Amino acid sequence: MEVLFRDFQSANSEQSGPGLAATISPIAPPNYLNRLDAIYKDSNVATISRDVAFGLTKSAHAAIQYPNPEIDTWTEIYSAYWYAVGAILAAEHAEQNASQSDWLRVYMAWKDLSNAIIKAYSSGVLENWTLPVLYMAGKHLRTFAIKADASAGSNGNAIYNSGDLQEDIAGDFDRNKNLEDAARVINRMFTLCISDRAPLEESRKWGLYYMANLQFKTYFKLNSISLCKNVLRAISAGTTDMPNLSVFPKSHIVTFKYYVGVIKFLEEDYAAAEENLLSALRMCHRSATRNVELILAYLVPTRLLTSQLLPSPELLSPYPRLAHLFTPLVYAIRSGSLSDFDSALTEGEPEFVKRRIYLTLERGRDICLRNLLRKVYLASGSDEEGKRRTRIRVDEFGTAIRLGERGVDGESLENDEVECLVANMIYKNLIKGYISRAHGMVVLSKTGAFPGTGI
Amino acid sequence: MASTAPYWGPDATMSHQMQRGSPTFPSLTRHSSDSPSATGAFTSVAARRNFGHNKASVTTSPSVTPITQPAPSQPTTAARTKRDWPESVRLYVQRAFAAENNVPGVGREEMEMKLKQVISDSAESNTLTIIDWANIPLPQHMILNDRQRSGLIQPGPAWGNLIAPLGVHDTNMKSNESPSKKRKSSDLESSQRGQEKIPPWRLANNRNVFEDRITHPDKRQRNDVGSKGSSKSHHNQANRKKRFEDAQTGYPSQQPFTPSKANTSTQDTDLGPVVGRCQDLEKKYFRLTSAPNPDTVRPLPVLEKTLDLLKKKWKRENNYSYICDQFKSLRQDLTVQHIKNEFTVNVYEIHARIALEKADLGEYNQCQTQLRALHSQHLGGHPEEFKAYRILYFIHTCNRTDMNDVLADLTPEEKKNPAIKHALDTRSALALGNYHRFSQLYLNTPNMGAYLMDMFVGRERLAALSNMCLSYLPDIKLRFFTEELGFESDDESARFICDHGGQAFLEEREGEVRILTKKARNFFESARQAAFRKVDIKGQI
Chain Y
5 MEVLFRDFQS ANSEQSGPGL AATISPIAPP NYLNRLDAIY KDSNVATISR DVAFGLTKSA
65 HAAIQYPNPE IDTWTEIYSA YWYAVGAILA AEHAEQNASQ SDWLRVYMAW KDLSNAIIKA
125 YSSGVLENWT LPVLYMAGKH LRTFAIKADA SAGSNGNAIY NSGDLQEDIA GDFDRNKNLE
185 DAARVINRMF TLCISDRAPL EESRKWGLYY MANLQFKTYF KLNSISLCKN VLRAISAGTT
245 DMPNLSVFPK SHIVTFKYYV GVIKFLEEDY AAAEENLLSA LRMCHRSATR NVELILAYLV
305 PTRLLTSQLL PSPELLSPYP RLAHLFTPLV YAIRSGSLSD FDSALTEGEP EFVKRRIYLT
365 LERGRDICLR NLLRKVYLAS GSDEEGKRRT RIRVDEFGTA IRLGERGVDG ESLENDEVEC
425 LVANMIYKNL IKGYISRAHG MVVLSKTGAF PGTGI
Chain C
643 MASTAPYWGP DATMSHQMQR GSPTFPSLTR HSSDSPSATG AFTSVAARRN FGHNKASVTT
703 SPSVTPITQP APSQPTTAAR TKRDWPESVR LYVQRAFAAE NNVPGVGREE MEMKLKQVIS
763 DSAESNTLTI IDWANIPLPQ HMILNDRQRS GLIQPGPAWG NLIAPLGVHD TNMKSNESPS
823 KKRKSSDLES SQRGQEKIPP WRLANNRNVF EDRITHPDKR QRNDVGSKGS SKSHHNQANR
883 KKRFEDAQTG YPSQQPFTPS KANTSTQDTD LGPVVGRCQD LEKKYFRLTS APNPDTVRPL
943 PVLEKTLDLL KKKWKRENNY SYICDQFKSL RQDLTVQHIK NEFTVNVYEI HARIALEKAD
1003 LGEYNQCQTQ LRALHSQHLG GHPEEFKAYR ILYFIHTCNR TDMNDVLADL TPEEKKNPAI
1063 KHALDTRSAL ALGNYHRFSQ LYLNTPNMGA YLMDMFVGRE RLAALSNMCL SYLPDIKLRF
1123 FTEELGFESD DESARFICDH GGQAFLEERE GEVRILTKKA RNFFESARQA AFRKVDIKGQ
1183 I
């Protein structure tokens, strides 16, 4: 207990938000591994709130007035924290002994703590420099909810949907019950930040992006990405009286840009996705390899579509996972080998689908085909005047495509389908030219027949 | 009649219990000793007994009556019981309750009240010994006479419920005024004991009460009567008869049920599955707004017959609005009874197929969502077929997020399934704009996927046309367009172009119709964009 109040006292005197947040951390600091045990053992259910109140009063500034709302608020918070610590210790202990740990209890206790903190902010007791406390609460609320859901699932006690008024049979709606609940609490935290109308210096608006990120993270996990739009809408509605993005903490903004980029990516707004992902990449801390990796996982497919750019081996080399994922595809596209492309795509499908980039990468086949046709064009020689032939028979393209096709289904490509593929190239502006059906000929533009490839 | 009764049933009983809900509670505690028929319902045991009793009561087997009688008379008649009733009066009362004198249509409560009134009137006027009790009409006959006089023909008990929201009054009145009756002390004791332990039971576990009541009412009831040694065949017969009469009108025997029902209604969330006892094969769909009434819910064996009937009707009459409605009520009955088995899967699959055939995507999507959950539990059915539909459906709705999830869920074996492979190939052909392949796939769609593909084939053909107009110069033969896009004839493809307002771009030259691609370029590109902009999402979750 003593350590709690000492930390509280010093964080307060320095006005250190992170320091204050550390006092309610559910994880013991490396220099004091017994912190949670020490705190928990120092009190009991009967006396906890008295103990906390006494400890706070004692450590508080002498000039403080009593009764004091701040003391009351922190008494409530630390009492809730103490209960949560008890639950955490019990769960961790059970985990070590390989018995059933009660993460649901941890989640509920942590939710109580979160609610106490939300209350403290909404009643205006806590100032905005203490916002990291809110971050700490929200961050762990999410993780505990996930653990609670996981343990509920492993218990096998599928909660029967007592949907007596429900029209139809329930699906697996209860699987993420706690996380959904946590999402609601986090949403309250977000509202708490965005709706603060206090002058900017003391506004909670500064916590806005952290909370938005936490919401994105939760919604992604819940697979309900459409809910992210509500957050974005709320933010864009309030941009007028909000400080510029650049003055917010960089760590918040990088994450925010990343999520916006991914959301845009999934909406197939690749231009906006590229812009957001690029700025996230530029701002991202150099040593945060994991984050860079996440950003690149979406940026690579995005750039493939927007500007037909492939990542260089140097770009991917620091990230073996990404290199493993993309290198076969990149190679196939570069060499214009459709069969390699198809097998690389099939090979990586589970991972691509998991990251939701499959449907986008699939469209890289167009680039692959473009490269193949370009080779045909380059190989088709020149006319008498030394100019490249601009009229190429559909047949020639067909042969090239058929060479690469392994003929898995035993069916060979008809010329009509070759025409269809070429038509697509033209339609998508990967090739400049037109098809003359009467002559069975593709007429390519004399200049820049393959835009962006230097020909 | 049979069709309307279930509709009113739930509503009527529901509003009734709502109104009664809170007033009943105080009355229970306050008059716990003198309102037996109300309190009787509070233990699972008592509930059963009352259930039996209430219906049996009309049949008035003498051995049953005491159970309901004891408490009402207890406080008010404590003094009166000391009084020595004349033998003739006692015989009269006995006769009034005798089963053979039961008059259908006259409720037990009503009869009791009349009896009470007759006896107390005569007691007040000191005519107890003067009246020729052996020869005056029985109370139930008096009631009938009264009714005939006032021109009323058997007011249905259910209506009585509807217009009598003042349940408390009712019970109180009854309990206070119930006639003194002889009863065996053992009966009294047992009923009192029952009452004492009721409240905790009821509060702690109303779910059991509810379940017990609805699951095995018939059996218990019969046992009850039987155990009393009065199981003469005609009693049972009368019981049964009465039971079915009751079932038709919903809950005529509301008194004993009300408390437990009121109770459950406050805790809807904890209801267990209902077990139905409706025997009708057909039922109109009615969206539930309250807890389901077992009387209007059909049990599994009945539902199985219903499905057969519906299948036949669909083949014969092809009346979609009727079939859809029937299937919805069928699904509802399955849901409220928590029936999840192969039959359930079958019902949903058939409904989904019919909805597909009629292009009712909203209904189809509901079935599909449920089928996904059901198939994931390996209950049989045709999961592959419906996974393929699901993929096609997401192509139609352009739902990339869900499409990604479908892909994530597919196993390698499933990907080899012809139907799923077809759907996946279709998806990939469209993603890459390969209309040539798409048309081939469209013409060879397994199962009923073609109905789904019909939904978006127009849009994709338009896209292909726009594509062709941009990449082919100076024109293409209509014949080529027809073949590439899988139209059945040039007529059909020409009609397609005209339907989209492109007749100006068709030109006949040298005996062949041609599409003037260069001129049509911009026109069809904007038509394509318009077609993709509006995607039907009704019924999407």
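So the sequences go chain by chain: Y and C. Residue 5 is where the first sequence starts when you use the working numbering, and the numbers rise one by one after that. Residue 643 is where the second sequence starts when you use the working numbering, and the numbers rise one by one after that. Just so you know, even glycine gets a beta-carbon here, dropped at the ideal spot from N, CA and C. Just so it is clear, the structure is predicted and the values come from calculations on it, not from any experiment.
Coil, strand or helix - residue i by DSSP
| i | result |
| --- | --- |
| Ala456/Y | Before going further, note that residue 456/Y is Gly rather than Ala in the sequence given. Note: Gly456/Y maps to coil in three-state DSSP. |
| Ser762/C | helix |
| Glu984/C | helix |
| Leu1049/C | helix |
| Ser29/Y | coil |
| Tyr1114/C | strand |
| Tyr962/C | helix |
| Arg392/Y | strand |
| Ser869/C | Note that Ser869/C scores 43 on pLDDT, short of 50, meaning its location in the model is unreliable and no value can be drawn from it. |
| Lys1077/C | The amino acid at residue 1077/C is misidentified as Lys; the sequence shows Tyr. Looking at Tyr1077/C - three-state DSSP - the assignment turns out to be helix. |
| Met445/Y | strand |
| Val1155/C | strand |
| Ile439/Y | strand |
| Ser199/Y | coil |
| Ser767/C | coil |
| Glu272/Y | coil |
| Ile257/Y | helix |
| Glu1149/C | strand |
| Arg750/C | helix |
Straight-line gap, residue i to residue j (C-alpha atoms, nearest Å)
| i | j | result |
| --- | --- | --- |
| Tyr223/Y | Gly142/Y | 14 Å |
| Gly663/C | Ala102/Y | Per-residue confidence for Gly663/C stands at a pLDDT of 38, beneath the threshold of 50, marking its modelled position as unreliable; no derived number is given. |
| Tyr82/Y | Val916/C | 47 Å |
| Gly402/Y | Glu366/Y | 21 Å |
| Glu400/Y | Tyr274/Y | 34 Å |
| Pro934/C | Asp950/C | 24 Å |
| Ser341/Y | Ser1108/C | 28 Å |
| Asn428/Y | Ala187/Y | 44 Å |
| Arg320/Y | Ile299/Y | For the sequence presented, residue 320/Y should be read as Leu rather than Arg. Taking the straight line joining both Cα atoms gives about 12 Å. |
| Arg737/C | Gly918/C | 37 Å |
| Leu308/Y | Pro315/Y | 9 Å |
| Arg1032/C | Asn191/Y | 33 Å |
| Ser963/C | Lys1000/C | 10 Å |
| Trp133/Y | Ala202/Y | 13 Å |
Flag this pair as touching only if the segment 87-106 of chain Y and the segment 125-134 of chain Y have three or more C-beta atom pairs under 8 Å; answer yes or no.
no
Would you say the segment 1031-1044 of chain C touches the segment 1089-1109 of chain C, given that touching needs at least three Cβ pairs under 8 Å?
yes
Check whether the segment 919-926 of chain C and the segment 945-956 of chain C touch, using three or more Cβ-Cβ pairs below 8 Å as the test.
yes
Three or more beta-carbon pairs under 8 Å between the segment 370-389 of chain Y and the segment 425-439 of chain Y, yes or no?
yes
Just by C-beta distance, which residues in the segment 1118-1141 of chain C are closer than 7 Å to chain Y?
Identification of residues in the segment 1118-1141 of chain C having a C-beta nearer than 7 Å to some C-beta of chain Y yields Ile1118, Phe1122 and Glu1126, given in sequence order.
Secondary structure, alpha helix (DSSP H): runs of 4+ residues fully inside the segment 108-163 of chain Y
135-159
Say whether the segment 25-37 of chain Y touches the segment 49-56 of chain Y, bearing in mind that this needs 3 or more beta-carbon pairs closer than 8 Å, one atom from each stretch.
no
Using 8 Å as the Cβ pair cut-off and three pairs as the minimum, do the segment 776-784 of chain C and the segment 745-753 of chain C touch?
Touching, per the Cβ criterion.
With 8 Å as the C-beta to C-beta threshold (strictly closer), list the residues of the segment 1042-1054 of chain C near chain Y in chain order.
Arg1042, Thr1043, Met1045, Asn1046, Asp1047, Leu1049 and Ala1050
Below 8 Å between beta carbons is the criterion; list the residues of the segment 358-371 of chain Y that meet it against any residue of chain C, in chain order.
If you check each beta-carbon in the segment 358-371 of chain Y against every beta-carbon of chain C, the ones closer than 8 Å belong to Lys358, Arg360, Tyr362, Leu363, Glu366, Arg367, Arg369 and Asp370.
Taking beta-carbon pairs under 7 Å, can you tell me which members of the segment 1100-1118 of chain C lie near chain Y?
Asn1109, Met1110, Leu1112, Ser1113, Tyr1114, Leu1115 and Ile1118
Cβ-based contacts, 8 Å cut-off: residues of the segment 1059-1083 of chain C near chain Y:
Ser1070, Ala1073, Leu1074, Gly1075, Asn1076, Tyr1077, His1078 and Arg1079
Note down, one range per segment and in chain order, each alpha helix (DSSP H) of at least 4 residues found wholly within the segment 216-245 of chain Y.
232-241
Under 8 Å, with one C-beta from each stretch per pair, do the segment 1008-1017 of chain C and the segment 1071-1080 of chain C reach the 3-pair mark?
no
Which runs of the beta strand (DSSP E) spanning at least 3 residues fall entirely within the segment 1118-1147 of chain C, listed in chain order?
none
Could you say if the segment 1018-1025 of chain C and the segment 967-987 of chain C meet the contact criterion of at least three C-beta pairs nearer than 8 Å?
With a cut-off of 8 Å, the segment 967-987 of chain C and the segment 1018-1025 of chain C count as touching, because enough Cβ pairs lie within range.
contact_flag[the segment 355-362 of chain Y, the segment 1043-1053 of chain C] where n(CB pairs < 8 Å) is 3 or more:
Verdict: yes, contact present.
Against chain C, which members of the segment 435-458 of chain Y pass a CB distance test of less than 7 Å?
Tyr438, Ile439, Ser440 and Arg441
Indicate whether the contact test is met: 3 or more Cβ pairs, each with one atom in the segment 452-459 of chain Y and one in the segment 1127-1143 of chain C, closer than 8 Å.
Contact fails: fewer than three Cβ-Cβ distances are below 8 Å.
Would you check if the segment 239-248 of chain Y and the segment 282-300 of chain Y touch, i.e. whether three or more CB-CB distances between them fall below 8 Å?
no
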